[in-house]
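Numbering (the working numbering), first residue to last: 1 to 217.
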């Protein structure tokens, strides 16, 4: 899943004890956490795909103490950072971070089933076929009645709705023409094809969206 990215796409600064700090994660953790308290299952098992620095999971886990969280990432320094943040926070409902590339076929055979699968700020950094694979595998890894939450920037029915989104999408596509913002209509089709039914996207701060989907069966 490693791709050339513009410097603005994935910024994290080193802290003590192996921890990393991502300014974007610090900015959006509260808004995502508030959404989770309203829409996520209160109990069960939760998988976070592409957990990054670990700032998100240490914010979300205390808000939803009835969920057992499994953070994941593909980057060894970020896996170490996740565990360092969790250790410092003293959380008992977060498992040690696992390596997981959720854009690869077959991962659902070894993970889950989950009541909640959460992903933030990844889909614009990978190709459309990789997004389809991720959604297809996530659908297989959900329990009946489970919830898939996909947070990030999206095009809305073919339109990038802010100058900032237009600039960032152009930077991504200049770095790699295969990546860039995914469209909400496209997402709805991919989710439906995987056996998931999506709500209308939820508006979040900074022109981001959350797409919430559940198994149709």
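C-beta: ideal position from N, C-alpha, C; glycine also.
State the start and end residues of the unbroken alpha helix (DSSP H) segment that holds residue 143. Where residue 143 is concerned, there is no enclosing alpha helix (DSSP H), although the beta strand (DSSP E) it sits in stretches over 142-152.
When you compare only the Cα positions, how much space is there between residue 99 and residue 170? 30 angstroms
Helix, strand or coil at residue 175 according to DSSP, with G and I counted as helix: helix
Residue 22 to residue 61 span [Cα, whole Å]: 18 angstroms
Can you list, in chain order, the residues of its chain with a C-beta nearer than 7 angstroms to that of residue 96? Leave out the 5 residues immediately preceding and following it. 83
C-alpha distance - residue 202 paired with residue 41, whole-angstrom precision: 17 angstroms
Just tell me which of 25, 68 and 34 has its CA closest to the CA of residue 269. Absent from the model: residue 269. The displayed extent of the chain is 1 to 217, so no value can be given.
Taking only runs that begin and end inside the region 16-60, name each unbroken beta strand (DSSP E) of 3 or more residues, in chain order. 44-49
Between residue 172 and residue 124, how many whole angstroms is the CB-CB distance? I'm expecting something under 8 angstroms. 6 angstroms
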